[in-house]
Amino acid sequence: VQLQASGGGLVQAGGSLRLSCATSGIIFSTKIMRWYRQAPGKERELVAHITSGYSTNYADSVKGRFTISRDNAKNTVYLQMNSLKPEDTAVYYCNLYNSDVAYWGQGTQVTVSS
283 VQLQASGGGL VQAGGSLRLS CATSGIIFST KIMRWYRQAP GKERELVAHI
333 TSGYSTNYAD SVKGRFTISR DNAKNTVYLQ MNSLKPEDTA VYYCNLYNSD
383 VAYWGQGTQV TVSS
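Structure, rendered in structure tokens:
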């Protein structure tokens, strides 16, 4: 099982980024996919998830600004981040569980300048 995250970068407050997480080695369409983030000195927190049935849920801090989506044909999950704030600065990780084992992407850095 492999997860490859990409799309991070440096952006000014109010800007947008789209993160991608390409997967392999799993039946992607059956998996709940999650995005987490971890800011310096803080615990990793769940940002959003999307189920196999395309239901979504978001942390209160990102509701209305972030959108999680999936493309089962490409085995890829996305996180569209709009109206970015300096407090969104973190390393973002994609995640899934397969046979009760957690798998993580390598993380992609998002830095939002004020």
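For the sequence shown, this note's numbering begins at 283 and goes up steadily by one. We put the CB at the ideal spot given by N, CA and C, even for glycine. Keep in mind the model is a prediction, meaning the values are calculated, not measured.
Under a 10 Å Cβ-count criterion, D370 is classified as buried, with 16 or more other Cβ atoms of the shown protein chains found around its own Cβ. Looking at the backbone, the Cα of A384 and that of I314 are separated by about 11 Å. Residue burial is scored here from C-beta neighbours: I309 has fewer than 16 other C-beta atoms within 10 angstroms and is therefore classed as exposed. Contact check for L366 and A295: beta-carbon distance about 6 Å, within the 8 Å limit, so the pair qualifies.
For A372, the beta-bridge partners assigned by DSSP are V392. Rounded to the nearest whole angstrom, the CA to CA distance from E325 to Q286 is 22 Å. Minimum Cα-Cα distance from D342 among the listed residues D382, E327, R352 corresponds to E327.
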